[in-house]
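2 protein chains.
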Amino acid sequence: MGKCEQCIIKQFNALKSLTKDELMRISTCKTSKFIKKGEVIFQEGEAINGLYCVKDGICKLSKLSENGKDQIVKMVVKGQMLGQRSLVSNENSNLQATALNDMEVCFIPRSEIIADLQKNPKFSFDMLKEMAHDLKDADDIIVNMAQKSVRQRLAEALIYVNENFGVNPDGTLSVVLSREDYANIVGTATESAIRVLSQFRKESLISTLGKFIKIEDLNGLRRVE
Amino acid sequence: MGKCEQCIIKQFNALKSLTKDELMRISTCKTSKFIKKGEVIFQEGEAINGLYCVKDGICKLSKLSENGKDQIVKMVVKGQMLGQRSLVSNENSNLQATALNDMEVCFIPRSEIIADLQKNPKFSFDMLKEMAHDLKDADDIIVNMAQKSVRQRLAEALIYVNENFGVNPDGTLSVVLSREDYANIVGTATESAIRVLSQFRKESLISTLGKFIKIEDLNGLRRVE
DNA sequence: GTTAATATATGATATATGTCATGTTTTCTT
DNA sequence: AAGAAAACATGACATATATCATATATTAAC
């Protein structure tokens, strides 16, 4: 199993602020997991009991609404962590994490990380920074949900996926989401998401080939109202 | 001017985890401010350069949307703090803070608090906990915005104000918000908020006297769909 | 206290989005 | 490769919410 102190992934998250000794200690107690596309990493209401570091792949964090829809709140990609909020609050997860493609993650037990948070102020300050960043994102999403149209939100979702997760050699978005996933990001009915994507296609803003979507006119998407 | 080490307000927030020495040092550099109802404490995009501790009163945190509406993201009440996110990220504020009634706040300059965050792990862990709590709230709001009706969201907003800010002797909600404020919490047009409140009145869920609102049937409000 | 300004109220109508139905692809299974 | 299942697509219609107009009540200003 790989050693944390040599792992390059940590440079993308707060774990970079741990000392070499701390990393070596974590290395001995961490476990590594491979998760297949579609698999649930943890469920809403489940105790996580630790922190995940995503070595490869992407997952969605979602919360079941009373109306049966599974609202996607955030997407977590290679280099980022999973479970910070529950770790800090010492609560069960309020979100479900589901792999969007094949993933590799490391799991660090709660007690180890908590010890470091309480000893290493640089580490806890970094965690604080990450959480502050997440909070800003969440505030922006609230405003978008409240004030923008489905059309606008879907255009922004496409731009987001494009900018954060990149494209394949043929120009299609490298993260392949179902229409239902897009609906659950935007907070709309699946049929509505499908309809709007069809409109975007007719307007030559995107092209589609099955589940593969290619952005044809990024600036056009930015102008969507 | 009051001394932080003797102030009872701090027990409600992370400042309780500062040592007596740290509190005494902060006492010497903090400033106290009285803010009138309606006054803006800080604007969107403004550098805050410190942390506010709310000694008395309530304010709203809002963000201007492109469509001109001012979405309310959070309400901050006596005992809570203001400006943590910007403090930690060292960014200008992404939100505007506006007093909803007369307020008294203490302002602690950034450098002092940052010093404590980097020295006192208990304090930074407490801040982390508070931020984690805010993040959970924000995630819940996203799901509500995306999946619930205006009617439902407004019912929940009334319940929230009732449970968190209490009522006057006559039973009316002690925090008096305009219909526009309610619209901006719920994320709807002012006319829609007015209309739904009128419906609630006709259904005897609430009664109104000008801006004063009294919840007449809390369980009824909880059942609103 | 009177007037002006602002907030609340409500109707009429337009529009966006949800829901249900149905057909067609695409993907998965064996 | 064939059949079954799932995902995508689209029409028809229902419904929630926004918008615009206008009236009334409340609050603020002098």
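Just so you know, the sequences run in chain order X and P.
According to our numbering, the first sequence holds residues 1 to 225 in order.
According to our numbering, the second sequence holds residues 226 to 450 in order.
Every residue, glycine too, gets a C-beta built ideally from N, C-alpha and C.
Original post:
In its own chain, which residues sit with a C-beta less than 6 Å from the C-beta of Asp365 (chain P), not counting the 5 before and 5 after it?
Top reply: Counting from 1 along the second sequence, the entry for residue 365 (chain P) is found at position 140. Hits under 6 Å: none found.
**OP:** Closer than 9 Å by beta-carbon distance: list the chain P residues that pair up with Asn94 (chain X), in chain order.
**Re:** For the purposes of this step, residue 94 (chain X) is identified with residue 94 of the first sequence, where counting begins at 1. Within chain P, Lys361, Asp364 and Asp365 have C-beta atoms less than 9 Å from the C-beta of Asn94 (chain X), given in sequence order.
Subject >> Presumed contact (8 Å Cβ cut-off) between Val186 (chain X) and Val175 (chain X), rounded CB distance >> reply: The count along the first sequence starts at 1 and reaches residue 186 (chain X) at position 186. The count along the first sequence starts at 1 and reaches residue 175 (chain X) at position 175. The beta carbons of Val186 (chain X) and Val175 (chain X) sit about 15 Å from each other, so the pair does not count as a contact at 8 Å.
**OP:** Out of X:Gln71, X:Lys3 and X:Asn120, state which residue places its alpha-carbon closest to the alpha-carbon of Leu18 (chain X).
**Re:** Reading the first sequence from its first residue, position 18 is the one you call residue 18 (chain X). When C-alpha distances from Leu18 (chain X) are compared across X:Gln71, X:Lys3 and X:Asn120, the shortest belongs to X:Asn120.
**OP:** Kindly indicate if chain P contains any beta-carbon less than 9 Å away from that of Val167 (chain X).
**Re:** Taking the first sequence and counting its residues from 1, the one referred to as residue 167 (chain X) is at position 167. It does not: the Cβ of Val167 (chain X) has no partner Cβ on chain P nearer than 9 Å.
Original post:
If we ignore side chains and look at the alpha-carbon of each, how far apart do Arg201 (chain X) and Asp70 (chain X) end up?
Top reply: Counted from its first residue, the first sequence places residue 201 (chain X) at position 201. Counted from its first residue, the first sequence places residue 70 (chain X) at position 70. Answer to the nearest angstrom: the Cα atoms are 26 Å apart.
Original post:
Along chain X, in chain order, which residues have C-beta atoms closer than 9 Å to that of Gly412 (chain P)?
Top reply: Your numbering for residue 412 (chain P) matches position 187 in the second sequence. Below the 9 Å Cβ cutoff, chain X contributes Ile142, Val143, Met145, Ala146 and Gln147 as neighbours of Gly412 (chain P), in chain order.
Subject >> Residues that Phe350 (chain P) contacts on chain X, provided the C-beta gap is smaller than 8 Å >> reply: For the purposes of this step, residue 350 (chain P) is taken as the residue at position 125 of the second sequence. Near Phe350 (chain P) (Cβ distances below 8 Å), the residues of chain X are Val88, Leu117, Gln118 and Ser124.
Original post:
Applying the criterion that 16 or more other CB atoms from any shown protein chain within 10 Å of the CB defines a buried residue, is Met127 (chain X) buried or exposed?
Top reply: As a first step, residue 127 (chain X) must be located in the first sequence, where it is residue number 127. Residue environment analysis places Met127 (chain X) among the buried positions, since at least 16 neighbouring C-beta atoms fall within 10 angstroms of its C-beta.
Original post:
Could you check where the beta strand (DSSP E) with Ile72 (chain X) kicks off and where it finishes?
Top reply: Reading the first sequence from its first residue, position 72 is the one you call residue 72 (chain X). For Ile72 (chain X), the uninterrupted beta strand (DSSP E) segment begins and ends at Asp70 to Val77.
Original post:
Alpha carbon to alpha carbon, how far is Gly2 (chain X) from Val76 (chain X)?
Top reply: Translated into positions along the first sequence, residue 2 (chain X) becomes position 2. Translated into positions along the first sequence, residue 76 (chain X) becomes position 76. Spanning the two alpha carbons is a distance of roughly 22 Å.
Original post:
Along the chain, where does the alpha helix (DSSP H) that runs through Lys218 (chain X) open and close?
Top reply: Position 218 of the first sequence, counted from the start, is the residue given in the question as residue 218 (chain X). The sequence given here has Leu at residue 218 (chain X), not Lys. Annotation: the continuous alpha helix (DSSP H) that includes Leu218 (chain X) extends over Leu218 to Arg223.
**OP:** Measure from the alpha carbon of Lys262 (chain P) to the alpha carbon of each residue in P:Cys284, P:Gln268 and P:Cys278, then state which is nearest.
**Re:** Stepping through the second sequence from its first residue, residue 262 (chain P) is reached at position 37. For the residues P:Cys284, P:Gln268 and P:Cys278, the minimum Cα distance to Lys262 (chain P) belongs to P:Cys284.
Original post:
Does DSSP put Thr415 (chain P) in a helix, a strand or coil?
Top reply: Counting from one through the second sequence, the residue named residue 415 (chain P) turns up at place 190. It is helical.
Subject >> Proximity of Lys122 (chain X) and Glu316 (chain P) at Cβ, strictly below 9 Å >> reply: Locating residue 122 (chain X) in the first sequence gives position 122, counting from the first residue. Locating residue 316 (chain P) in the second sequence gives position 91, counting from the first residue. Cβ distance not < 9 Å, so Lys122 (chain X) and Glu316 (chain P) don't count as in contact.
**OP:** Could you name the residues that DSSP lists as bridge partners for Leu307 (chain P)?
**Re:** As a working mapping, residue 307 (chain P) is identified with position 82 in the second sequence. Answer by DSSP bridge pairing, in chain order: P:Tyr277.
**OP:** Kindly say whether Gln43 (chain X), judged by its beta-carbon, lies nearer than 9 Å to any beta-carbon of chain P.
**Re:** As a first step, residue 43 (chain X) must be located in the first sequence, where it is residue number 43. No, Gln43 (chain X) does not count as interfacial toward chain P.
**OP:** Indicate whether at least one CB of chain X lies closer than 9 Å to the CB of Ser417 (chain P).
**Re:** For the purposes of this step, residue 417 (chain P) is identified with residue 192 of the second sequence, where counting begins at 1. No, no contact with chain X.
Original post:
If you draw a straight line from the alpha carbon of Gln305 (chain P) to that of Asp217 (chain X), how long is it in whole angstroms?
Top reply: The count along the second sequence starts at 1 and reaches residue 305 (chain P) at position 80. The count along the first sequence starts at 1 and reaches residue 217 (chain X) at position 217. When rounded, the separation of the alpha-carbon atoms in Gln305 (chain P) and Asp217 (chain X) is 46 Å.
**OP:** Return no unless some Cβ of chain P is closer than 9 Å to the Cβ of Ala132 (chain X).
**Re:** Sequence index remark: in the first sequence, residue 132 (chain X) carries index 132 (1-based). Taking 9 Å as the threshold, the shortest C-beta distance from Ala132 (chain X) to chain P falls below it.
Original post:
From the DSSP output, which residues share a beta bridge with Lys214 (chain X)?
Top reply: Residue numbering aside, residue 214 (chain X) sits at position 214 when the first sequence is read from its first letter. BP columns for Lys214 (chain X) point to X:Thr172 and X:Ser207.
Subject >> CA nearest to the CA of Val392 (chain P), picked from P:Thr415, P:Met356, P:Phe437 and P:Asn409 >> reply: Start at 1 with the first residue of the second sequence, and residue 392 (chain P) comes out as number 167. For the residues P:Thr415, P:Met356, P:Phe437 and P:Asn409, the minimum Cα distance to Val392 (chain P) belongs to P:Phe437.
Subject >> Cα-Cα separation between Ser178 (chain X) and Asn184 (chain X), rounded to whole angstroms >> reply: Residue numbering aside, residue 178 (chain X) sits at position 178 when the first sequence is read from its first letter. Residue numbering aside, residue 184 (chain X) sits at position 184 when the first sequence is read from its first letter. Each residue's CA atom was taken as its position, placing Ser178 (chain X) and Asn184 (chain X) some 10 Å apart.
Subject >> Contacts of Ser65 (chain X) in chain P (Cβ-Cβ under 7 Å) >> reply: Indexing the first sequence from 1 puts residue 65 (chain X) at position 65. Chain-ordered, the chain P residues with CB closer than 7 Å to the CB of Ser65 (chain X) read Val368 and Gln372.
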